[in-house]
Structure formats: structure tokens, C-alpha cells
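S.K.: One structure, as C-alpha cells, below. Some questions next.
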Amino acid sequence: MRLPTLLFRALATLLAPRPSDALPDAIDSRNVSSLLWGPYRPNLYLGIRPRVPESVFMGLMWANFDEGHKSLRHTCEQNDGMGGYGWTAYDARKGGTQLIPDVGNKINITTEFVKISEGQSRGNWGLRVKGVPREEAGHGLKTSVVFYVSMEATEKCQVCRLEAAEGKIGPRDDEAVRKVVFWIKHPILGISEIHLPIPKHDISAIASINTTEDVLWKSKSLFVDLLKNEAHSKRGSLVLSDEPAMGNAHFVQMVFHDRFEFDILYSSQAATLEMTSLDITTEMETNRESFAERFSSIFAPQWPFLTESHLTFALNMFSNLLGGLGYFHGDMKVFESHAADYEEKEPEFWEKLAEARRREKPQTKGPFELLTHVPSRANFPRGFLWDEGFHLLPVVDWDLDLALEVLQSWLGLMDRDGWIAREQVLGPETRSKVPPDFQTQSPEVANPPTLFWVVSRYVNILSGAEQYAGHESHHLNDRESGTDLLMRLYSLLKRHYEWFRRTQRADVEAHSIPNAALGEGYRWRGRTPGYSLASGLDDYPRAEPPDVTELHVDALCWVGVMARTLAQVAEYLQNDQELSTFRRHYDGIQRNIEVLHWSDGGGLYCDTRIHDGLHTFTCPKGYISLFPFITGFIGPEHPRLNATLDLIRDPEGLWTSSGIRSLSPESTRYGEGDNYWRGPIWININYLIIEQLLHLATTPGPLRHRCRDIYKELRRNVVETVYNDWEKTGFAWEQYHPETGVGQRTQHFTGWTALVIKLMSFPDLEEEGVRHKLGALVKE
Ligand code: 6A9
């Protein structure tokens, strides 16, 4: 070690805040070290940070050296022209592999991330980055790669570039000629070092800058500015500077010829051993095997999806769902003035509201933190409330504690009234991807409570009603903690339930309808003409213009899902009084689905209005009419099951060879306008339909065989649609075209589209079908 470095190290230790002897308890409740670090910046091709606010973040950028910064990759972008990129294996607690075929820059990038956790903050990790020129690159491809480290709160966190040693540093002479070292000190993370050995023969440069915290996240433009800055740049490469530097953003640039590989090694001082390159190699090997094995034991694809390629597809879909796990921290914009309901009756209400909103300055709330999977790393790299319930369906199977951790993170965002913002646009980096009109959330706007599904599964697992085969679970091993957690969840869920019932209740005179249960009628708040973003089915046709007298069938069904779940929890916790309340609510909801929402004339469930003694229906054939079915209100003996199956199985209507479409072509609104939920096929709703069909196909009842036949066909159609397009394009898509089955709109939509892996793991029921047909033959 050279003298200035030693001096510097001493100086840095002196300047740094005093280390706290014991770690704060907070880290314990952050659910264990195995979730402390990760590629938790899913908006980037590769971005690492700990699940700790006001600490450090890191990222990777690269460019074709001759093309310059125009070709610099950083945030996932749909127009970067990437081939199907993403994680091919990934476990949130262990790490995984990501492939990024960068067609434009003629290079295939691989990132391998490995975690070794030892409890508390003693986690080590390593990142291996590989670049292999694509065939069309020929020889002599020059790729510029940048790794940066930034620190968020200078008063809490210190990061300094300790050294850039020259000379032999590896055990073998040719291993590396330089090594960049960062030293980190943070009250929660403790003291740690990041080592970046730079391979021999390659040009490297380092720059450290001091910038204000509000622009710190703009790493790409900070770097590009550096390149433009004469003092630092020499022909597009940074000038080497070996002086130790104390900035809050540090950039290491390497320029490689042809293929390359380098490691980034993070070692916590508290860990038993230092992280080494060998660790990356061996851990990757074991993880790769155990991942595939465990996947097959939980989600083994069933007939007819038994090919090697279907398995690769399934591993891919699942890894990309898990690899979309992100940690977000920052402030949120909220409109405080609640939209007054009575105003909604005025014809000019929406113009007035829009104008008021233009004038009104949103409030800034928070900061808040959130651990969540994202629907799409490129287009929607943030949390969406109802999406997360779908994401967690497979996550529960795999890693119950992770699902519970994410659930708690979401419930932690609930305000005192019980509201959770539908879309979590936290902090300026997240905001940079959201058009201004969509950034601000409103405290009267709900979203389907799909997170209740996690709790329902949790109770089933706790009570032994459901077998659990996933990752070892702390909450199951320690029953007491498992029940404690359930009690905490229960009180939060009740608060949300009451908020939902209070704010979304329709002020309707339901007593004018014979047999209706009083009070059980709901309407999504925050509707605008043509849209009901709160429902999740944004532009699905509803009554126009929006009116205070309308009743939304899906809103009622969702309240039913909540009541059912809460009853289940109350029963488990032996709270008889509350159990009977939830049961009473549930019975009323069940009754009103029939009494208020069934249209005899149409033969389907519909949104309705009760006004001036009239009971009218809005009945386009589509997803909304299927809500009583998909939320579990239509049992095997239900008198309207057959009509519902007719609605599903009609090729003139919702049935297509690629899945169930959102709206029937018989509707005048089919394919109209933005055409988001007016025809296209969505995988989340198809999943729910198929899951119900499976349930009915395996439960005794008069229509069991019909359910089985539709189930078999639909499961195959949906899986093949997503699979075929993945084969062709390399991507999962946000939705699929109702006539061609082609994936469309958002590319790399790795959120609920990943539900195909559950569909593949469902039984085909083929054998049973054959037996049934044979039986029928024998009878004849
Ligand atoms: C606004 C609009 C150029 C829309 O997957 C997230 C959500 C779903 O929850 C919802 O059901 N998606 C679905 O209807 C994407 C929402 C994107 C909102 C961002 C930007 C203009 O973009």
C-alpha cells in the first residue's frame, strides 16, 4: 500500500461518523440479511442497492466506444433495441444470472449476482460482468463500461474512493494491474469495502465528483457531463486520476477490446471472510443447480408443456418476476382536496375538476419506502397495488416470508384512514418515468385489494389446510411469531376494509329493490368519462357519463373477497364476534351480486344504476361480467354457472384461440379509442378464470365436465400464446391481440404475465377426460 493511501485511510476513519457498537434493531425487522442487498433498482439493466434508505446505490452503464455516449445503456428502455433480456435464474435471497443481448452495441452482456448472507448486516455480495461481442461485431470491438457508486445522505453515509493501486494484486501475475477500492460507512450497513480489480491491458479511468442530492440519481447525465468536461476527458475516455477523492458520486470507466470480464466484490467488515472471485464462481454453480431443482419441485410444468424449451421459458418468466423486485424510497405527491361527491352530479364537473387540478398544487408526503415487484422494468418501474397481489401468487409458493415481507411493506404505506395509493411514484428517479398528469395520487381512489389473497393463503398454510413446499419459513417454524404477524396484518387489513367500504359505498336506495341487503353496493370513486383507473380495468366500458347512482359489480365482488378473507382470519384467531360481522357482510354481498347485478334480460352480471325507481343495467359482454365468477362467488351448484360458462365459451364473444378477451366484438365499444381493456387479452384475468375452472373441474357438481373441458382448452391456449410470442420476440408482453394472439403494448411486461408458470404447473386433467369419455362410450 502506498503512503498517501494509508494516510487517507486513517483520515477517512477519523472523519467518519462514530460506528455504533450494536446495530439498530431496525435491521432485524427488515427481515434478515438475505434480503438486505440486491439488484433492487429494476429500472436499470443492473443497479444494486441495499434495502436501507439514505445509503448507497450503484449501477452499471456501457456503450460502444466508437459510437460514444449516444449508445450508453443505463435505464431499461423499450427503444434501446435490446434482444429479449432479463434474468434466466434468480432467487431474491441468493442472486442469479441476467443476459442482455445488446444488438445495437453488438455485444452480449451477462451479469451474475451472488449474495452470501451471515445475519444482521454481515452480508457479502459479488457481481460478475461479462461481455462477449456478438457475431456481427467481428474483431476489435471496443466497449466502454462504467460502474458507479453514489451515496445518498452525506451526513449519514460515507463512501470514499480509497485507492487505485497499481501493480500485481492477484495471486497470479496476470490477474489484474489495478484495483479500485471504495470504503463505505453507514449506521445500518456498518463498514464495508467494494473491490473492483481491473483486468490487465484495459484502459481505465476514475472520477469522483461532488453533486447535490437532488440530481445524484441522474448518473448517466452526470457521467456524460464529465465526458464533456475538458479537464476530465481525453477522446471520450476519462483521465486517470489517482488521487483519493471524497465526492458523493464515483465513476469507474473501463474500455475493453473484444470480450471482457470483471468482478465487483463487496465485503462487510463484520463478515467472517472477504468476498472473492472464487466465491462468485462456486456460488453461481451451486445456485444454478439448486434453483432449477427447486423450481421443478414447486412449479414443474405439466402436460403438454414438457419440452426443454417450455421449461426454459418457465424459468425465465419466474426469474424475471423475482428479478423485478425493487426497493423504493422517496416522497409522494398527493391531492389533499377530496373530490366532493355531490359535485359529480353537475354536468361540468369533470371540466371543473380538471381545471382545479391544474391550479391545485399537490402536497408532498413522506418519504415512504416500498419493497415491491414491478410490472415492467422499462415502462412501469414502480409499485402498483393490485398488480402486486398477482405478483405474489407465485412468490407465496416459492418463498412465503418474502411475500409476507413485501405485503408488510405495502401495508406500511397505508395512511391513518386506511388508504393505500394505487400507484407508488416515490422520489424523483421514479417520477422521471411518469408523465406529470399521472404522478399525483388521490386519497379517495381505491384499487382492487388483491393483497388479501396473500393473507388468505397464509392462513391456509398456518392452519395446515394447505401444504407448503417453498423456502424454509421463519413464520412457520416459529408459530408464535407466525400468529403475531397475522394479528398485525389483521388490524391493518381491517382498517383498509373499513376505508374501502366507507369511501366506495354507493349512496343508493337499495331498499327499493326487493331482497337487497342494505348498504352492500359500491362504486369506484375518481371516475372520469371513459375511465375508471381505480378498478384496474382503466378504459373498460362503464355507464356514461359517470354518475353517483351507479353500482359497479367488480367493486362489490372485491369487498366480498376482503370480507371472506377477514372472516377466515377472525376464525383462525378465534374472534367470534368479528367473525360473525364479516360473515354477515359476506352474506349481504353474495345476495346483492344476484339481486342488484344479475340482469335477467342480458343473462349476465352487469354494472347497474338504481335511480328514480328504475333499475337499469350497463352490460357490454366482457371481463366485468365475469367478476362474480373469478372472485369465487359462483360455486358448482350455482344456478348461473352455466350462463357464465356460455359467456366464456362463445367464439362470437369472449372466446378466442389465444385466451379470453376483455370485451366482446358484439360491443359497440370493442377496439374503440385507446383500446386498452376493450378487447385485448390480459393474462391476469385469464389466470383467475382458469384457476376457477380448475376448482370447479375438480369439485363434484353437475357442470364439472363442462368446466374441465373449457379449463383444458383455455389453459393450453393461454400458455401457448405467451410462450409462442416469447419464442418469437424474446419478451413477455402486457397484453395479447384478441384476433392474432400477438403480444402488444408494453414489452418485457414481466409482472402478472409471469402467472403462466402457475398455469403450466396446473394439471392437464387429460387422463380424467379420457376416462370420462370412455365411460360415456361404455354406457352407450
Ligand atoms: C401512466 C401513461 C405514455 C395499466 O401494470 C400497471 C397498470 C395496471 O395496474 C392497470 O391495471 N397498467 C393497467 O390498466 C399500467 C399503468 C401505467 C400508468 C402510467 C402513463 C402514459 O404513458
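Per this note's numbering, numbering through the sequence shown is continuous, rising by one, with the last residue being 780.
Using N, Cα and C, we set each Cβ at its ideal position, and we do this for glycine too.
(1) Decide yes or no for the touch test of the region 739-754 against the region 653-664: beta carbon pairs closer than 8 Å, at least 3 of them.
(2) In this structure, how does DSSP classify histidine 69 when only helix, strand and coil are distinguished?
(3) In chain order, what residues of the same chain lie with their CB nearer than 6 Å to the CB of proline 19, ignoring the 5 residues before and after it?
(4) At a threshold of 7 Å, does valine 445 count as lining the ligand 6A9 (C-beta to nearest heavy atom)?
(5) Residues in its own chain within less than 7 Å of threonine 440 by CB, not counting five upstream and five downstream?
(6) Using the Cα positions of lysine 758 and proline 394, report the straight-line distance between them to the nearest angstrom.
(7) Tell me which residues share the same chain as arginine 591 and place their Cβ nearer than 6 Å to its Cβ, disregarding the 5 neighbours each side in the sequence.
(8) Report all residues from its chain with a CB closer than 7 Å to the CB of asparagine 210; omit the five preceding and five following residues, and keep chain order.
(9) CA-CA distance, tyrosine 342 and glycine 47?
(10) Going by beta carbon distance, what residues of the same chain come within less than 6 Å of tyrosine 687, once the five residues before and after it are set aside?
(11) Is tyrosine 676 near the ligand 6A9, in the sense that its beta carbon is under 7 Å from a heavy atom of that ligand?
(12) Going by DSSP, which residues form a beta bridge with glycine 99?
(13) Just how far apart, CA to CA, sit arginine 73 and aspartate 102?
(14) Taking just the CA atoms, how far does glutamate 405 sit from tyrosine 45?
(15) Exposed or buried, methionine 487, counting other C-beta atoms within 10 Å across all chains shown (16 or more means buried)?
(16) Starting from valine 719, trace the alpha helix (DSSP H) in both directions and tell me its first and last residue.
(17) Taking 8 Å as the cut-off, decide whether the C-beta atoms of threonine 698 and valine 722 are in contact.
(18) Arginine 416 to valine 425, Cα distance in whole Å?
(19) For the alpha helix (DSSP H) that contains glutamate 572, what are its first and last residues?
(20) Since leucine 451 and glycine 389 should fall inside the 8 Å C-beta cutoff, what is the C-beta to C-beta distance between them, to a whole number of angstroms?
(21) Beta-carbon separation of phenylalanine 251 and alanine 292 under 8 Å?
(22) Quick one: what's got a C-beta closer than 7 Å to arginine 649's C-beta in the same chain, skipping five residues either side?
(23) What span of residues does the alpha helix (DSSP H) with threonine 483 cover, start to end?
(24) Which residues does DSSP list as the beta-bridge partners of tyrosine 266?
(25) Could you compute how far the alpha carbon of glycine 602 sits from the alpha carbon of leucine 533?
(26) Buried or exposed for asparagine 515, going by 16 or more other Cβ atoms inside 10 Å?
(27) Using 10 angstroms around the beta-carbon of arginine 479, count the other beta-carbons present and answer buried if the total reaches 16, otherwise exposed.
(28) In the DSSP assignment, find the unbroken alpha helix (DSSP H) run with histidine 64 in it and report its ends.
(29) Starting from leucine 736, trace the beta strand (DSSP E) in both directions and tell me its first and last residue.
(30) Just the Cα atoms here: how many angstroms apart are glutamate 766 and glutamate 652?
(31) With burial defined as no fewer than 16 other Cβ atoms inside 10 Å of the residue's Cβ, what is the status of serine 117: buried or exposed?
(32) Just how far apart, CA to CA, sit histidine 815 and serine 319?
(33) Hey, quick one: how far does the beta strand (DSSP E) through glycine 616 stretch, first residue to last?
(34) Leaving out five residues on either side along the sequence, give the residues of the same chain with a beta carbon under 6 Å from the beta carbon of isoleucine 685.
(35) Check this for me: beta carbons of glycine 482 and aspartate 399, under 8 Å apart or not?
(36) Consider the C-beta atom of aspartate 554 and the heavy atoms of the ligand 6A9; say whether any pair is separated by less than 7 Å.
M.R.: Taking the geometry as given:
(1) yes
(2) Sequence index remark: in the sequence shown, residue 69 carries index 69 (1-based). Three-state DSSP puts histidine 69 in a helix.
(3) For the purposes of this step, residue 19 is taken as residue 19 along the sequence shown, with counting starting at 1. Because the pLDDT of proline 19 is 38, which lies under 50, any placement of that residue in the model is unreliable, and the question is left without a value.
(4) Working through the sequence shown from its first residue, we reach residue 445 at position 445. For the ligand 6A9, not one heavy atom lies less than 7 Å from the Cβ of valine 445.
(5) Here residue 440 is taken as the residue at index 440 of the sequence shown, counted from 1. The residues are Lys333, Val334, Phe335 and Pro362.
(6) For this step, residue 758 is matched to residue 758 along the sequence shown. For this step, residue 394 is matched to residue 394 along the sequence shown. Computed Cα separation, rounded: 7 Å.
(7) Looking up residue 591 in the sequence shown gives position 591. Cβ neighbours of arginine 591 beyond the five flanking positions: Ala517.
(8) The residue given as residue 210 occupies position 210 in the sequence shown. Once the five neighbours on either side are set aside, the close Cβ partners of asparagine 210 are Gly247 and Asn248.
(9) Within the sequence shown, residue 342 is the residue found at index 342, counting from 1. Within the sequence shown, residue 47 is the residue found at index 47, counting from 1. With a pLDDT of 39 at tyrosine 342, under the threshold of 50, the modelled position of this residue cannot be trusted; read the value that follows with caution. Those two C-alpha atoms are separated by around 47 Å.
(10) Position 687 of the sequence shown holds residue 687. Cβ within range, chain order: Leu755.
(11) Walking along the sequence shown from the start, residue 676 turns up at place 676. Yes, Cβ of tyrosine 676 sits closer than 7 Å to a heavy atom of the ligand 6A9.
(12) Along the sequence shown, one-based indexing puts residue 99 at 99. Per the sequence shown, the amino acid found at residue 99 is leucine instead of glycine. Paired residue(s): Gly86 and Thr110.
(13) The residue you call residue 73 lines up with position 73 of the sequence shown. The residue you call residue 102 lines up with position 102 of the sequence shown. Going from the Cα of arginine 73 to the Cα of aspartate 102 covers about 9 Å.
(14) As a position in the sequence shown, residue 45 is number 45, starting the count at 1. As a position in the sequence shown, residue 405 is number 405, starting the count at 1. Going by the C-alpha atoms only, they are around 24 Å apart.
(15) For this step, residue 487 is matched to residue 487 along the sequence shown. Its Cβ having fewer than 16 others within 10 Å, methionine 487 is exposed.
(16) Residue 719 sits at position 719 when you count from the first residue of the sequence shown. Per DSSP, valine 719 is one residue of the alpha helix (DSSP H) stretching across 704-729.
(17) Here residue 698 corresponds to residue number 698 of the sequence shown, with the count starting at 1. Here residue 722 corresponds to residue number 722 of the sequence shown, with the count starting at 1. Not in contact: threonine 698 and valine 722 (Cβ atoms no closer than 8 Å).
(18) Numbered from 1 along the sequence shown, position 416 holds the residue referred to as residue 416. Numbered from 1 along the sequence shown, position 425 holds the residue referred to as residue 425. Going by the C-alpha atoms only, they are around 19 Å apart.
(19) The residue given as residue 572 occupies position 572 in the sequence shown. Position check: residue 572 holds tyrosine in this sequence, whereas glutamate was assumed. Where tyrosine 572 is concerned, the enclosing alpha helix (DSSP H) starts and stops at 553-572.
(20) Stepping through the sequence shown from its first residue, residue 451 is reached at position 451. Stepping through the sequence shown from its first residue, residue 389 is reached at position 389. About 5 Å separates the two Cβ atoms, so the contact holds.
(21) Here residue 251 is taken as the residue at index 251 of the sequence shown, counted from 1. Here residue 292 is taken as the residue at index 292 of the sequence shown, counted from 1. Against a cut-off of 8 Å, the Cβ pair of alanine 292 and phenylalanine 251 comes out as no contact.
(22) Here residue 649 corresponds to residue number 649 of the sequence shown, with the count starting at 1. Same-chain partners within the cutoff: Trp655 and Ile710.
(23) Locating residue 483 in the sequence shown gives position 483, where the first residue counts as 1. Where threonine 483 is concerned, the enclosing alpha helix (DSSP H) stretches over 479-504.
(24) On the sequence shown, residue 266 is found 266 positions in, with the first residue counted as 1. Per DSSP, Trp125 and Ile194.
(25) Within the sequence shown, residue 602 is the residue found at index 602, counting from 1. Within the sequence shown, residue 533 is the residue found at index 533, counting from 1. Using only the alpha carbons, I get a separation of about 26 Å.
(26) If you number the sequence shown from 1, residue 515 lands on position 515. So asparagine 515 counts as exposed.
(27) Taking the sequence shown and counting its residues from 1, one reaches residue 479 at position 479. When all chains shown are included, arginine 479 counts as exposed.
(28) Residue 64 sits at position 64 when you count from the first residue of the sequence shown. First, the residue type needs correcting, since residue 64 is asparagine and not histidine in the sequence shown. Run containing asparagine 64: none in the alpha helix (DSSP H); it sits in the beta strand (DSSP E), 56-64.
(29) The sequence position of residue 736 within the sequence shown is 736, counting from 1. Here residue 736 turns out to be tyrosine, not leucine, going by the sequence shown. 733-736 is the extent of the beta strand (DSSP E) around tyrosine 736.
(30) Taking the sequence shown and counting its residues from 1, one reaches residue 766 at position 766. Taking the sequence shown and counting its residues from 1, one reaches residue 652 at position 652. Going by the C-alpha atoms only, they are around 26 Å apart.
(31) Working through the sequence shown from its first residue, we reach residue 117 at position 117. Its Cβ being crowded by 16 or more others within 10 Å, serine 117 is buried.
(32) With the chain running from 1 to 780 in the structure shown, residue 815 is simply not present.
(33) Position 616 of the sequence shown, counted from the first residue, corresponds to residue 616. Looking at the sequence shown, residue 616 is not glycine but threonine. From DSSP, the beta strand (DSSP E) with threonine 616 extends over 614-618.
(34) Taking the first residue of the sequence shown as position 1, residue 685 is located at position 685. Counting only Cβ-Cβ distances below 6 Å, and skipping sequence neighbours, we find Tyr623.
(35) On the sequence shown, residue 482 is found 482 positions in, with the first residue counted as 1. On the sequence shown, residue 399 is found 399 positions in, with the first residue counted as 1. No. Outside cutoff.
(36) As a working note, residue 554 is residue 554 in the sequence shown. Not so, every heavy atom of the ligand 6A9 lies at least 7 Å from the Cβ.
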